[in-house]
Amino acid sequence: MIATLVWICLAAIALPFLAYPFLLWLRATMAPDPVVGGDETPQVDLVIAAHDEEASIGARIENALALDYPADQLAIWIGSDGSSDATVAIARGYEDRGVRVLDLPRGGKAAALRALVDASAEADGGGEILAFSDANSDWPADALRKLVAPFADDRVGGVAGDQRYVEDAGDEAVGERSYWSFDRALKRWQTQAGNAISSTGAIHAVRRRCFEAPPADATDDFMISTGVIAAGERLVFAEDAIAWEPTAEPVGGEFRRKTRIITRGLRGVLYRRALLDPRRTGLYAFELAVHKLLRRLTWIPLGGLVLLAPFAVGEGAVVAALPAVGAALAVAAGAAGLAIPALRRVKPVSVAAYVVMVQSACAWATIATLSGRRVARWEPQRAAHPTAESSP
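Numbering (the numbering used here), first residue to last: 9 to 400.
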């Protein structure tokens, strides 16, 4: 009985992290559906919502103005969501260079994005493409060109860029960078097989006709990008369209941030539950379930393995005991890494610590979602805009 439970837990972990990536790679290799890019430069409205971002907003605007993109084809929109610092004053210092600034009452990021998109639509009809970015992102000069290149394919309604982290961001960054490397490979194969699952808010774009205003209590990047799938168009990953960001704050603050994001992410899946119907979205339904639900529920089988480890050893079930004990040791190493920061200088410990932190956040977020808790406002807590010198 114990051995059976161990294998069930292992299978539940292996599906999203081993079986799904392998099957995805196989499909991408055997039956690719390539996207035809181009060098067109459609009219783009670059939309950036900010709340108390005085440390980053000036550098972010300078970075946007320096993009290698025709100035007459790019409009930069900054929306302050009830900022109480100098965010608005700094942003308005760039109005004489064509930057458009909205000073909005505090209503949450979703409300700010909605106001920005509406305002851009009223200005000269608005651009065909809506591009989105965080207020502390750093885009290489060619990022926007590479982000919009896939729109040359008429089937493409949205493009997800590649969020990367600066290399000197500390021991906490190792685990997160490892996760994003894994996620990057998945997005590459997802695109080759059909569609990326969703995008990151640091760098993504959609055709204006595909834009749906996100609800306040769900992650805006997920809702905006999956609106492309809901519209029956393709969402693809442009790996060479890069946004650099500093890694997040130390573990305690990062845990709270992850919990908020995952809570809003799970709420987003509830809003988009129609996309889980394979009769409507085909393979995407399975991928969405695995990527956005099963991965976030991994804490259940992982915790099960830890609890089963002593029983498996006691029963002498060696084959079952080995993975259970291995999981228990990995969790213990991760917990130790969280408790003793110096241990995270060892990469395996840093990765284990990141996994334990994220899965703990998933557990709290799952409980919060099931209890009906909603997170409707954002509270950015992050490092300042990364300079070009800090980007590798």
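Each residue gets a CB set at the ideal place from its N, CA and C atoms; glycine is no exception.
A straight line joining the alpha-carbon of A238 with that of G276 spans about 13 Å.
Under the criterion of beta carbons closer than 8 Å, A249 and G169 qualify as touching, at roughly 4 Å.
A direct Cα-to-Cα measurement between G101 and A74 gives close to 16 Å. In this structure, the CA atom of M9 is about 44 Å from the CA atom of Q171. DSSP lists A58, D111 as the beta-bridge partner residues of S88. In this structure, V164 and E241 form a Cβ contact; the two beta carbons are roughly 7 Å apart against a cut-off of 8 Å. T271 has its alpha-carbon roughly 28 Å from the corresponding atom of L316. Rounded to the nearest whole angstrom, the C-alpha separation of V383 and L121 is 17 Å. Apart from the 5 residues on each side of it in sequence, R304 sits with its Cβ closer than 8 Å to the Cβ of I270, G273, L274, C370, A373, T374 in its chain, given in chain order. In the three-state reduction of the DSSP assignment, I137 falls in the strand class. Here P78 is near T49, since their CB atoms are less than 8 Å apart. For the pair F140 and G209, the CB atoms are nearer than the 8 Å cut-off.
Leaving aside the five residues that flank G90 on each side, the residues in its chain whose CB is nearer than 6 Å to its CB run, in chain order, P113, R114.
Taking 4 residues as the minimum length, the stretch 203-236 contains no alpha helix (DSSP H) run wholly inside it. Distance from the CA atom of S206 to the CA atom of A127, rounded to whole angstroms, is 25 Å.
Classified as exposed, G322 has fewer than 16 neighbouring CB atoms from the shown chains inside 10 Å of its CB. Taking C-beta atoms as the reference points, A325 and A11 count as a pair closer than 8 Å.
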